[in-house]
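> In this note's numbering, the protein residues as written are 16 to 224.
Where is the CB? At the ideal position from N, CA and C, for every residue including glycine.
Next up is a structure, given as structure tokens.
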């Protein structure tokens with residue numbers, strides 16, 4: 016009986032691996048991106064540098080109204096991630112900095128390296144889940160749900176966020192509304208803000224009237 020179980024287990028494992036037809040598919044960024052990712056780079060031209068990325072060594076600029084900067088390691092910066100279903104972002108928040116309400120196509124897992132933040136998300140029943148996070152804490156944000164992080168400490172924050180996709184996407188509510196070309200009269204209707212408030216926010220965030 017044990018031998019039969021072993022054979023069946025081996026067969027199931029072999030089936031689960033049957034779709035893996037190559038070791039990797041380094042993205043050829045010179046080709047168009049599609050639903051399945053980028054086409055594979057010629058294997059003869061692949062080097063170890065395709066599997067290494069050093070762009071997270073330094074912080075991105077936080078010279079913006081949110082006092083927040085992000086350096087991303089997604090497939091467009093790191094072609095070795097193509098087809099790997101994983102990516103990572105370095106987030107730096109100045110004192111008082113905020114990662115505004117935003118969403119991704121996939122789940123996000125954040126770990127705090129330095130500083131103190133309040134991290135939270137809002138589910139589709141409009142229940143808010145939020146908590147103060149300190150060095151070493153991690154928090155999961157479910158896919159597609161609006162979430163945020165706020166530096167509530169007296170020192171800058173350094174955090175890393177990983178995603179279950181090489182191209183997780185990022186859409187911030189404020190930027191989507193006020194940096195877009197959506198006419199002010201439509202924003203008034205969907206937000207209940209008045210024209211003066213909308214124009215102020217568009218000017219602040221670089222939108223157009």
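What are the uninterrupted segments assigned as alpha helix (DSSP H) that are 4 or more residues long and contained completely in the segment 40 to 101, given in chain order?
none
> DSSP three-state label for residue 138, please.
Here residue 138 refers to the residue found at position 123 of the chain shown. Residue state, collapsed to three classes: coil.
> Would you please state the rounded distance, in angstroms, between the beta carbons of residue 124 and residue 176? I believe it to be under 8 Å.
As a working mapping, residue 124 is identified with position 109 in the chain shown. As a working mapping, residue 176 is identified with position 161 in the chain shown. At roughly 7 Å, the Cβ-Cβ gap stays under 8 Å, so residue 124 and residue 176 are in contact.
> Measuring only the C-alpha atoms, how far is residue 43 from residue 178?
Working through the chain shown from its first residue, we reach residue 43 at position 28. Working through the chain shown from its first residue, we reach residue 178 at position 163. Going from the Cα of residue 43 to the Cα of residue 178 covers about 21 Å.
> Closest by CA to residue 118, which one among 185, 132, 93?
In the chain shown, the residue the question calls residue 118 occupies position 103. Answer by Cα proximity: 185.
> Taking 8 Å as the threshold, find out whether the segment 48 to 59 comes into contact with the segment 104 to 123 through three or more Cβ pairs.
no
> From this set, 188, 167, 219, which residue's C-alpha is nearest residue 205's C-alpha?
Taking the chain shown and counting its residues from 1, one reaches residue 205 at position 190. Out of 188, 167, 219, 188 has the C-alpha closest to the C-alpha of residue 205.
> Among the candidates 151, 147, 160, 155, whose CA atom is the shortest distance from the CA of residue 140?
Within the chain shown, numbered from 1, the residue matching residue 140 stands at position 125. Of the listed residues, the one whose Cα sits closest to residue 140 is 160.
> Please classify residue 102 as buried or exposed, where buried requires at least 16 neighbouring CB atoms within 10 angstroms.
Start at 1 with the first residue of the chain shown, and residue 102 comes out as number 87. Residue 102 is buried by the Cβ-count criterion.
> Excluding sequence positions up to five away, which residues of its chain have a Cβ less than 8 Å from the Cβ of residue 122?
Within the chain shown, the letter at position 107 stands for residue 122. The residues are 155, 156, 157, 158, 178, 179.
> Residues in the same chain with beta-carbon distance under 6 Å from residue 75, minus the five sequence neighbours each way, listed in chain order, please.
To locate residue 75, count along the chain shown from 1; it is residue 60. So the qualifying residues of the chain are 84, 85, 86.
> Out of 63, 199, 40, 174, point me to the one whose CA is closest to residue 52's CA.
Walking along the chain shown from the start, residue 52 turns up at place 37. Per the Cα distances, 40.
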